[in-house]
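Trainee:
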Amino acid sequence: MHEHGDNKPMRIEDIQTMAPLSEFEIRELFRKMLKLTEDAHGATAAGRHELDVVQNVLKFSMARLKEPDRRGIANDNPAT
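In numbering that gives the first Met the number 0, the protein residues as written are 0 to 79.
#1: Classify S60 as helix, strand or coil using the three-state DSSP reduction.
#2: Given a threshold of 16 other Cβ atoms within 10 Å of its Cβ, counted over all protein chains shown, does F26 qualify as buried or as exposed?
#3: Between the alpha carbons of A44 and D51, how many angstroms are there, rounded?
#4: Within the continuous alpha helix (DSSP H) that includes T36, where are the two ends?
#5: Under three-state DSSP, which class holds G46?
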């Protein structure tokens with residue numbers, strides 16, 4: 000797990016320089032990304048559709064990381 004000992008909030012622009020993220024940190028990152036897209040509005044139908052797709056993927060992935068299955072695995076596609 001990446002330690003945030005200085006209690007600074009994780010920033011999206013810091014991702015490339017961070018140690019591997021825990022599932023909790025990934026979920027938090029997705030939550031922040033979702034928040035950033037909440038007020039975005041596509042100027043075209045295609046743009047609106049793509050924003051909807053991104054938001055739905057983020058929500059789906061957050062749910063998969065949050066809910067462990069009967070094996071106790073939170074992600075149904077864990078790295079091996």
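Every residue, glycine too, gets a C-beta built ideally from N, C-alpha and C.
Mentor: Taking the definition as stated:
#1: helix
#2: Just to set this straight, residue 26 is Arg in the shown sequence, not Phe. Buried: at least 16 other Cβ atoms inside 10 Å.
#3: 11 Å
#4: E22 to E37
#5: It is helical.
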